[in-house]
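J.:
Written out as structure tokens, the structure reads:
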């Protein structure tokens, strides 16, 4: 009798073991849609790594994803977010396989790939859908019609990439964007300068795309805003980074190989360099000069930024730091990366989350940029005209005397220089309308 019971239990265990493959180990636990101006990212949160295949269909346009060893049916978890590119997401399947269909409003060449767990996310299957008709998110070139100085502001991270995470769970991406938006407002209020955001909302932009967006607007400067982090809570303070010489040399070499982009990278000189294969030395000279100018300018701007940041925040490094960072690599755009503080430091994280401190940081960066371009304006910019029409006050001069000399009214002088009274002092620099 005992032997029979043992045999029955063994038989039941064998049946259970045989039945295990019928029940999939994986499961779709969430779906998030991250729209950006030129693409849409769809992220499937999974219990385990995804075993997947995908293909596209047309008439109507669809993307089909088959997930094996994944339980599923017509019921999907709640979908967070939406996009004009996606009509609907639907599914079908059984206990061991799942088919997900993305109904699209137009054709898109999808890139489907997996990502391993990275806090705060687990296993993910990512679908990137480029939107070839969404170029309108980049402000039109007419922004430069009056030859304003153009500042491209890059809010670090975004979307599926949260950046560093503070002790309270706050994301770096939620610090960088509001600071960038405040800086944008300050610059756009200044006559002679215009700013544009590389990332206008909470979505991911590839590092190479960030410099391309800045280049498409012929930016005079790229500022990338980040918050630092470390394995311990002690480090604190702001720092500013510029491109290392080693990375600069590498980038010039890469650009020389990209002959199809020489007209973009060499500017008007590309009209002279017809055959860059035979005249490689000339192309390299132009790119070297461009990179040298960009790096010199970036270093000078970085000095100004550190001087202003030091008035409102603790500095982690008092001199510009050099690094091989992708967002700084543009040969033709002076680029700096500003670490506004350490999000890994509890006190500094709290400070960085504060709107008042964010405003101070943005104001400091604006003052630095304004100060630099006042001293070294591009030759064809409004700032260069301002510089040509400036007067340094000498002993015995008054506002009325200067108004008479330059044939303008005292009221115009006062308003043009934002003076609250007619009092001026020796050494003061006044702009002449």
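Residue numbers (our numbering): 1394 to 1826.
Glycine included, each C-beta is placed from N, C-alpha and C at the ideal position.
Keep in mind it's a predicted model, so treat the numbers as computed, not measured.
(1) Any idea which residues DSSP pairs residue 1589 with across the strands?
(2) Would residue 1728 pass as a contact of residue 1720 if the rule is Cβ separation under 8 Å?
(3) Among all the DSSP beta bridges, which residues are the ones paired with residue 1714?
(4) Taking the alpha carbon of residue 1605 as the point to measure from, which residue in 1581, 1707 and 1546 has its own alpha carbon closest?
(5) What ranges does the alpha helix (DSSP H) occupy inside the region 1482-1524, keeping only unbroken runs of at least 4 residues that lie completely in it?
(6) Okay, do the region 1724-1741 and the region 1794-1805 touch, 3+ Cβ pairs below 8 Å being the bar?
(7) Anyone know if the C-beta pair for residue 1541 and residue 1585 falls short of 8 Å?
(8) With a CB to CB cut of under 8 Å and the five nearest residues on each side skipped, what residues in its chain are close to residue 1444?
(9) Is it true that the region 1766-1774 meets the region 1575-1583, where meeting means three or more beta-carbon pairs spaced less than 8 Å apart?
(10) Which value, in whole angstroms, describes the spacing of the CA atoms of residue 1653 and residue 1499?
(11) Between which two residues does the beta strand (DSSP E) holding residue 1456 run?
(12) Can you tell me which of 1624, 1780, 1636 and 1770 puts its alpha carbon nearest to the alpha carbon of residue 1613?
(13) Going by DSSP, what residue range makes up the alpha helix (DSSP H) through residue 1450?
(14) Among residues of its own chain, excluding the 5 on either side of residue 1826, which ones have a beta-carbon nearer than 6 Å to its beta-carbon?
(15) In three-state terms, what does DSSP make of residue 1564?
(16) On a Cα-Cα basis, can you pick out the residue from 1602, 1734 and 1615 that is closest to residue 1754?
(17) Would you identify the three-state DSSP class for residue 1433, choosing helix, strand or coil?
(18) Taking the straight line between their C-alpha atoms, what separation do you get for residue 1452 and residue 1432?
(19) So residue 1434 and residue 1493 are supposed to be a Cβ contact under 8 Å. How far apart are they, rounded?
(20) Using a Cβ-Cβ cut-off of 6 Å (strictly less than) and excluding sequence neighbours within five positions of residue 1572, which residues of its own chain qualify?
(21) Select from 1511, 1465, 1480 and 1507 the residue whose C-alpha is nearest the C-alpha of residue 1489.
(22) Excluding five sequence neighbours on each side, which residues of the same chain lie with their C-beta closer than 7 Å to the C-beta of residue 1510?
(23) Do residue 1781 and residue 1701 have their CB atoms nearer than 8 Å?
(24) Tell me whether residue 1683 is buried or exposed, calling it buried when 16 or more other Cβ atoms sit within 10 Å of its Cβ.
(25) Nearest to residue 1774 by alpha carbon, out of 1569, 1694 and 1611?
(26) Write down the C-beta distance between residue 1426 and residue 1469 rounded to the nearest angstrom, noting that I regard them as a contact closer than 8 Å.
T.: Inspection of the coordinates gives the following:
(1) Position 196 of the chain shown, counted from the start, is the residue given in the question as residue 1589. Looking at the DSSP assignment, residue 1589 forms a beta bridge with 1545.
(2) For the purposes of this step, residue 1728 is taken as residue 335 along the chain shown, with counting starting at 1. For the purposes of this step, residue 1720 is taken as residue 327 along the chain shown, with counting starting at 1. For residue 1728 and residue 1720, yes; Cβs fall inside 8 Å.
(3) Within the chain shown, the letter at position 321 stands for residue 1714. Answer is 1634.
(4) Position 212 of the chain shown, counted from the start, is the residue given in the question as residue 1605. Here the closest residue by C-alpha is 1546.
(5) none
(6) no
(7) Here residue 1541 refers to the residue found at position 148 when the chain shown is read from its first residue. Here residue 1585 refers to the residue found at position 192 when the chain shown is read from its first residue. Yes. Within cutoff.
(8) The count along the chain shown starts at 1 and reaches residue 1444 at position 51. Excluding sequence neighbours, residue 1444 sits near 1419, 1460, 1461, 1462 and 1463.
(9) no
(10) Locating residue 1653 in the chain shown gives position 260, where the first residue counts as 1. Locating residue 1499 in the chain shown gives position 106, where the first residue counts as 1. With a pLDDT of 48 at residue 1653, under the threshold of 50, the modelled position of this residue cannot be trusted, and the question is left open.
(11) Here residue 1456 corresponds to residue number 63 of the chain shown, with the count starting at 1. Residue 1456 -> beta strand (DSSP E) spans 1455-1461.
(12) Residue numbering aside, residue 1613 sits at position 220 when the chain shown is read from its first letter. Here the closest residue by C-alpha is 1770.
(13) Here residue 1450 is taken as the residue at index 57 of the chain shown, counted from 1. No alpha helix (DSSP H) contains residue 1450, which is instead part of the beta strand (DSSP E) from 1445-1450.
(14) The residue you call residue 1826 lines up with position 433 of the chain shown. These residues qualify, in order along the chain: 1801, 1805 and 1809.
(15) Indexing the chain shown from 1 puts residue 1564 at position 171. Here residue 1564 sits in strand by DSSP.
(16) Position 361 of the chain shown, counting from 1, holds the residue named residue 1754. With distances taken between Cα atoms, residue 1754 lies closest to 1734.
(17) On the chain shown, residue 1433 is found 40 positions in, with the first residue counted as 1. DSSP places residue 1433 in strand when its eight states are reduced to three.
(18) Counting from 1 along the chain shown, the entry for residue 1452 is found at position 59. Counting from 1 along the chain shown, the entry for residue 1432 is found at position 39. Approximately 21 Å, taken between the alpha carbons.
(19) Locating residue 1434 in the chain shown gives position 41, counting from the first residue. Locating residue 1493 in the chain shown gives position 100, counting from the first residue. Contact flag wrong, Cβ pair sits at about 15 Å.
(20) Translated into positions along the chain shown, residue 1572 becomes position 179. Excluding residues within five positions, the ones whose Cβ falls inside 6 Å are 1618, 1751, 1754 and 1755.
(21) Within the chain shown, residue 1489 is the residue found at index 96, counting from 1. Closest by alpha carbon: 1465.
(22) As a first step, residue 1510 is located in the chain shown; it is residue number 117 there, counting from the start. Answer for residue 1510: 1516, listed in chain order.
(23) Here residue 1781 is taken as the residue at index 388 of the chain shown, counted from 1. Here residue 1701 is taken as the residue at index 308 of the chain shown, counted from 1. Their beta carbons are not under 8 Å apart, which means residue 1781 does not touch residue 1701 by this criterion.
(24) By one-based count along the chain shown, residue 1683 stands at place 290. So residue 1683 counts as buried.
(25) Counted from its first residue, the chain shown places residue 1774 at position 381. Nearest of 1569, 1694 and 1611 to residue 1774, Cα basis: 1611.
(26) The count along the chain shown starts at 1 and reaches residue 1426 at position 33. The count along the chain shown starts at 1 and reaches residue 1469 at position 76. Actually they do not touch by this definition, with Cβ atoms about 12 Å apart.
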